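First up is the structure itself, then whatever we jot down about it.
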Amino acid sequence: MDSDGTQEARGTHAHPVPRPGGPPEVPAMPPDGRSLAPHGSGVPPRPTRAPGVPPMPDGSSFLTWLRTPRPEAPPGVWRFGHKPRPDEEPELIPTRQLLAGAVIAFLCGWLLCSLLYNGYLGGFWLWPWFVLAPDSWTLGKAGAVGGVASWIYEGLVFVAIFAVFGRIGHWPELWRRYGPAAWRRSTSGDGPPPLPEADPAEFPQLRAAGAVDAAERLAADARAGLMRDVDHARIIRAWQGVRSGRHSLASFSGAVLQDGAAACLHPSGARDLPTRLARHDLVTGQVRLGASADDPRNPYAYRGTGLALGPELLGTSLLAVGPAGSGKTGAVVRPLAESLCLHALAGRAAVVVVGAAGAGLGPADAYDVVVRIGNQESEYDLDLYGGTADPDEAAAVLAEALVGDLADPHPGSDSRRSTTVLAQLLGPFRAVHGRFPSVPELRQLLDGAPGPFATLRQGLQDAGQDSLLRELDARERQMRQPGDVGGVLADRVALLDRPAFAGFFDTSGQSRPFTLKALDHPVRVRIDLPERGHADASRMLARLVLAQFTASVAVREDRSLFACLVLDDATGVVTPESVRGIQRLRSGNAGVVLTLRTLDDVARPLRGPLLGATGCRMALSGVTPWDGQDFAEVWGKEWTEARDVTDRQIIAETPAGKALHAVRRVITGKAPTARAVTVRQVERERWSASELAHGVPAGHAVLSLTNVQGEHAPPLLVDLRG
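For the sequence shown, this note's numbering puts the final residue at 777, and the numbers step up evenly by one.
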């Protein structure tokens, strides 16, 4: 039993044939949840850089990590060990002023008490004692009792005096800053372990459900250092499947008792990534991208806190815009791809990462499927038709990939003509050949080659497919009319009918085509687009992957698995149909991550809809003022306090005043002035276009966030190196 109840982690044809020399297929998981591979055979070597929770011989590091508090926090705050801050910045007294005031208040209190005690101020402060105390006490006839009582009264008076001066001198604030409690907070180490019913390392949720033996085995592995953060996340995910009824308690307990922390493995057998470059917390699902700058423009609750993203934020999609070298790939895409791959190993997510070959999107062995389009050594191919058997669905996705960028960029436009043309050819071809056409065959049909058309016609006539025969006749008539889009489609298909792509996009069953229908499984996929020299083909293939992704996640049966497409460099990918598809992803527990060098790579009518369709928006250092204007508009305005300071010269009217002003002018070199301060509420842009273009330091970005529950975080200045 894998963590989402599926049996395979990739999408291929029914009988895939591996390319020569390719590695063997990874065996699927058996129903009982145990891997077919020998125990531990799929575990990669220890990362070259220690991950967030490196295994220790005694498990102390893992237990410390697991027991670290993760309080609730606003969207985007790194919750691991977070200490919540107030929403508003408190008015703190400077340390020097605080210490001086405390000492002066103490001396004043001591002086007043001394004057009262020695009678220099009279005996008025003893009147309450003489009025309230018995005569025997005040006349000294009660002996020791009266003496003690009088001392108590005097002590209470002196305590009251010091309490008043303590309030004036801010002694409570001094105690909070430098008292024993503050010292313990700064020097305290790990506290005592929590009680078993509250200790996550004891798996109390399993014990409460009756799986005590499984909880004992997992707790023992955790203490022995045999459990990693991915193991914990994977087992918790599998337990959620038991609670939801997808798996049985008996099969889960049996797998845990047999394999311990290695139970319910990912179909690849991997329990971690080969390397980690970012900080991850798989309890909250977050990956740390940096730290919110200690800047007045950031809300006080965010200043100095870690900035992290997780599926709850990526579910609203992310758009990052910045010039080359601003850190889009290294500081944003790579950590997010790494985090999603860890989620996939834990059975929580399916991820598809698309970028140019050599873009630095992680090593190949961090993925289950690596599609290197244009590289003849690639083990996997890409299914041009998205794994569907419906000609109309295949035509719609393929039309979006081929000519989606040529459609009217107005959001209300569509590409129905291109879809109809392709459907008129794909339907008859599949009816005759039992498959969709390859790239050369599709190009011939779009060009109107007589041979393929005659073959199709004869096959349809022999099969008695009269309706499809009428479709083919309609296509032939339209080809003779001016303005037919078939020629444009043929020109676009010709970009894929090149020697570099020979053997790819095969439909005859001689390759292993990956299809995005596999997003029902926790699969990790990397697609390397063709190298330089095929820029148009790369953009077309990126549109194809995005169109297939949005179409596939909409029809998934198990939407508890988060699906994410990470598209490094979305130039030429944003179309009216893709914007509509991105808007629908949130309801399907899916999201996309798009990066652009500039918003000029998107048609002007689509920039606003694109920024509106993505809940998380990032402007990196170096954006142009024109890009900054678009971000400033979507982030809107806020009410802020404006202070106007006016200096007015003071005119002296008396001889003494004039003489004094003359002396001040000689000493200061300036005429005497009076300062007037006017405070008013004004509405200003959160971040102006000029600030975004010129006020964001190198290595920083301005990021706004929205989670799937609709909670917002205002634009934050983030240090991506923090």
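Glycine is no exception: its CB is placed at the ideal position from the N, C-alpha and C atoms.
Because the structure is a prediction, the values reported are computed rather than measured.
Item, Value
"Quick check: the Cα distance between Leu527 and Val610, rounded to an integer number of angstroms?", "30 Å"
"In the DSSP assignment, find the unbroken beta strand (DSSP E) run with Val408 in it and report its ends.", "Ala404 to Ala411"
"Looking at the unbroken alpha helix (DSSP H) that takes in Gly646, where does it start and where does it end?", "Note, Gly646: premise wrong, no alpha helix (DSSP H); beta strand (DSSP E) at Ala645 to Leu651."
"Would you kindly check if the distance between the Cβ of Arg262 and the Cβ of Ala270 is under 8 Å?", "yes"
"Pull the bridge partners of Gly345 from the DSSP assignment, please.", "Leu362"
"For Leu583, collect the residues of the same chain with a Cβ closer than 6 Å to its Cβ; drop the 5 residues on either side in sequence, then sort them by chain order.", "Checking the sequence shown, residue 583 turns out to be Asp, not Leu. Taken in chain order, the residues that qualify are Ala412 and Arg427."
"What is the rounded straight-line gap between the Cα of Gln704 and the Cα of Ala697?", "23 Å"
"Going by CA-CA distance only, name the one from His398, Val311, Leu373 and Ser347 that's closest to Asp336.", "His398"
"Specify whether the stretch 333 to 351 and the stretch 628 to 641 touch according to this definition: at least 3 beta carbon pairs, one from each stretch, less than 8 Å apart.", "no"
"Looking at C-alpha atoms only, which residue of Gly677, Gly370, Val267 and Ala204 is the closest neighbour of Val608?", "Gly370"
"Which of the three DSSP states, helix, strand or coil, is assigned to Phe569?", "strand"
"Name the DSSP bridge partner or partners of Lys138?", "DSSP, once it has assigned bridges, lists no residue as partnering Lys138."
"Do three or more CB pairs link the stretch 682 to 695 to the stretch 653 to 667 at distances below 8 Å?", "yes"
"How about Asp552 and Arg498: do their beta carbons lie closer than 8 Å?", "yes"
"Counting only runs of 4+ residues fully inside the stretch 553 to 627, write out the alpha helix (DSSP H) ranges in chain order.", "590 to 608"
"Tell me the rounded alpha-carbon separation between Gln431 and Ala253.", "55 Å"
"Assign Pro322 to one of three DSSP states: helix, strand, or coil.", "coil"
"Spell out the partners DSSP gives Cys671 in its beta bridges.", "Leu373"
"What is the DSSP secondary structure of Lys725, counted as helix, strand or coil?", "coil"
"Quick check: what's the CA-CA separation for Pro770 versus Asp423?", "36 Å"
"Tell me where the beta strand (DSSP E) around Glu393 begins and ends.", "Element bounds for Glu393: not the beta strand (DSSP E) but the alpha helix (DSSP H), Arg389 to Leu400."
"Which residues in the same chain have their Cβ closer than 7 Å to the Cβ of Arg485, if we skip the five residues on either side of it in sequence?", "Pro446 and Phe491"
"Along the alpha helix (DSSP H) that carries Thr701, what are the first and last residues, could you check?", "Looking at the DSSP string, Thr701 is not in any alpha helix (DSSP H); the run it does join, the beta strand (DSSP E), is Lys692 to Gln704."
"Would you kindly work out how many angstroms separate the C-alpha atoms of Phe135 and Ser116, rounded to a whole number?", "14 Å"
"If you check the beta carbons only, do Pro366 and Ala404 fall under 8 Å apart?", "yes"
"Which same chain residues, not among the five before or five after Met595, have their C-beta less than 7 Å away from its C-beta?", "Ala456, Leu457, Arg547 and Leu550"
"Please state the DSSP three-state secondary structure of Arg735.", "strand"
"Spatial neighbours of Ala618 within its chain, please: CB distance less than 6 Å, with the 5 preceding and 5 following residues excluded, ordered by chain position.", "Ala405, Leu574, Val608 and Ala645"
"Let me confirm a value: Pro483 is counted as buried when at least 16 other C-beta atoms fall within 10 Å, else exposed. Which label applies?", "buried"
"His335 bridges to which residues according to DSSP?", "Val342"
"Could you compute how far the alpha carbon of His137 sits from the alpha carbon of Thr360?", "8 Å"
"Using C-beta distances below 8 Å, list every residue in its chain close to Cys671, excluding the 5 sequence neighbours before and after it, in chain order.", "Leu364, Leu368, Leu369, Thr371, Ser372, Leu373, Leu374, Leu758, Ser759, Leu760 and Thr761"
"Answer yes if the stretch 434 to 445 comes into contact with the stretch 321 to 331, meaning at least three C-beta pairs across the two stretches below 8 Å, and no otherwise.", "no"
"Distance check for Arg352 and Val721, CA to CA, integer angstroms please.", "41 Å"
"Can you find the residues in the same chain that come closer than 8 Å, C-beta to C-beta, to Ala275, ignoring five residues on each side of it along the sequence?", "Gly315"
"Looking at Ala333: is its Cβ nearer than 8 Å to the Cβ of Pro390?", "yes"
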